[in-house]
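Asks: Residue numbers (my numbering): 109 to 305. By construction, the Cβ of each residue, glycine as well, lies at the ideal position given by its N, Cα and C atoms. The model shown is predicted, which means the values in this text are computed figures rather than measured ones. Structure in C-alpha cells, see below.
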C-alpha cells in the first residue's frame, strides 16, 4: 500500500490534549466517569486520556477499561470471530455512570454500534459519549463523536492507520494508505497463424 499522508507525534499529542481538555471542561464535577477504550485501537488512547485528565483536573477520577466488540460485529456471519488481545474489562458498575467510549478512528459507525451493544450487556449507564482521535468521514450509520481530535478526508478505499506506541510516544503516527494498484496481466503470447502454401 502506498502512503499518501503522514501525521506526526507532535500533532497527535496536541490532539489528545485537546480531547482531554474538552472532556475535563464538560465533566469537571462528574461523580462517576469511566473511560472505556474500544479494543483494540482505543485502549492506548483511553490510557493516554486518563493521564492527561489527571494532570488537568487532579480531583476528577476517570478509571479506564476496555470494551471488546468481537461478539457484536455485524459481519459475524461472514468472518470468524477474532481473538482480541484485550477482552472487555469495566472497572466499575456502569449503572448510573457517565461512559466515554474511546476509539482511534471513526469511520462507518459500525464499531461504535457494536461497542454500545457490548456496553449495555453490562448495565444501563446514565449517559454515553464518544471520543475519537480521528474522524475520517464515510459514515454508514447515524453516529457522531462528542469529542474529535483530528479530521481527515479519506476515500473508502484508503486505510487510516493509527499507531500509538505505549512505550515510546515519540513514535506515534497516523498514516493514510492508498491501496496498491492491481498488477496488470501480461498480454497473452500470440500464436503464429497456420498458413497453408
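Among the residues of its own chain, which have a CB less than 6 Å from the CB of residue 284, if the five just before and after it don't count?
Replies: Within the same chain, residue 284 has close Cβ partners 112, 113, 262, 266 and 268.
Asks: Within the chosen definition, does the stretch 244-257 reach the stretch 206-220 through at least 3 CB pairs nearer than 8 Å?
Replies: The stretch 244-257, when compared against the stretch 206-220, does touch it at the 8 Å Cβ threshold.
Asks: Need the endpoints of the beta strand (DSSP E) that residue 247 sits in, please.
Replies: No beta strand (DSSP E) contains residue 247, which DSSP labels as neither H nor E.
Asks: Quick check: the Cα distance between residue 170 and residue 287, rounded to an integer number of angstroms?
Replies: Using only the alpha carbons, I get a separation of about 39 Å.
Asks: Have a look at residue 146 and residue 174 and give me their C-alpha separation to the nearest angstrom.
Replies: Computed Cα separation, rounded: 6 Å.
Asks: Using the three-state DSSP reduction, which class does residue 274 fall into: helix, strand or coil?
Replies: Coil.
Asks: Just reading off the beta strand (DSSP E) that residue 231 is part of, what are its end residues?
Replies: Per DSSP, residue 231 belongs to no beta strand (DSSP E) and is neither H nor E.
Asks: Specify the secondary structure class of residue 239 as computed by DSSP and reduced to three states.
Replies: If DSSP states are grouped into helix, strand and coil, residue 239 belongs with the strands.
Asks: Please list, in chain order, all residues of the same chain as residue 128 whose beta carbon is under 7 Å from its beta carbon, the five residues on each side excluded.
Replies: Once the five neighbours on either side are set aside, the close Cβ partners of residue 128 are 157, 160, 161 and 164.
Asks: Using only CA atoms, which one of 143, 123, 282 and 139 lies nearest to residue 209?
Replies: Per the Cα distances, 143.
Asks: Put residue 187 into one of helix, strand or coil per three-state DSSP.
Replies: At residue 187 the pLDDT is 49, less than 50, meaning the model places this residue with poor confidence and gives no usable figure here.
Asks: Using alpha carbons as the reference points, say which of 220, 196 and 133 lies closest to residue 251.
Replies: Closest by alpha carbon: 220.
Asks: Can you look up residue 202 in the DSSP assignment and give me helix, strand or coil?
Replies: In the structure shown, residue 202 sits in coil (DSSP, three-state: anything other than H, G, I, E or B).
Asks: Can you tell me whether DSSP reads residue 266 as helix, strand or coil?
Replies: Three-state DSSP puts residue 266 in coil, outside helix and strand.
Asks: Tell me where the beta strand (DSSP E) around residue 283 begins and ends.
Replies: 281-286 is the extent of the beta strand (DSSP E) around residue 283.
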